[in-house]
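Engineer: Before I ask anything, here is the structure I am working with.
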Amino acid sequence: MSDDVETITFAIESDDDADEVELPADLIDMLAEQGQSPAEVVADITLLSFASRAHHLAHHGEGDSPEIDAVEGKAMDLFEERFGVTFGEATGHQH
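So this is what it looks like as C-alpha cells:
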C-alpha cells in the first residue's frame, strides 16, 4: 500500500554540500497552513525540528556548555524571526 503513496523530493544545499529528502506529498499537504508552498512547509518543520533539538541539548542534555547555550540562543532567535512567537509560546514548553 505504501508504494501507492506519491512522494515529493526536496533538495537541501549548503555552500559545500548537498542532499535530498523524499517525503509523502500528502503529508506535506496535511501539515501545510493555508497558502503555504511545499518548500515553506518543509522549511518551517526543519527550523522547528532544529530548534527543538537545540532546546533539548541546552536544557535536557548532559552538562552545561556555553557553546550549546549560544547555539540554542541563536536557534531560538531564528525561530522567533520566522514564526513571530517564541519557541516556548509555540510549543507550550517554557523554562
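Quick note: the sequence shown uses the working numbering, first residue 38, plus one each step. Virtual Cβ for every residue (Gly too), placed ideally from N, Cα, C.
Quick check: the region 91-109 against the region 64-77, are at least 3 beta-carbon pairs closer than 8 Å?
Structural biologist: Output reads no: the region 91-109 does not touch the region 64-77.
Engineer: Which residues bound the alpha helix (DSSP H) around T83?
Structural biologist: Segment P75 to H96, the alpha helix (DSSP H) holding T83.
Engineer: Measure from the C-beta of T83 to each C-beta in chain D and report whether the shortest distance is under 8 Å.
Structural biologist: The question asks about chain D, but that chain is absent: this structure has only one protein chain.
Engineer: Do three or more CB pairs link the region 89-103 to the region 56-65 at distances below 8 Å?
Structural biologist: Verdict: no, contact absent.
Engineer: Taking C-beta to C-beta, are L115 and L94 nearer than 8 Å?
Structural biologist: Taking 8 Å as the Cβ cut-off, L115 and L94 do not qualify as a contacting pair.
Engineer: Nearest to E126 by CA position, among E104, A88 and S51, is which residue?
Structural biologist: Selected option, being the one with the closest Cα: A88.
Engineer: Going by DSSP in three states, E59 sits in which element: helix, strand or coil?
Structural biologist: In this structure, E59 counts as strand in the three-state DSSP scheme.
Engineer: Do the CB positions of A48 and E57 come within less than 8 Å of each other?
Structural biologist: Contact flag set, yes.
Engineer: Give me whichever residues DSSP pairs with I49 in a beta bridge.
Structural biologist: Per DSSP, D56.
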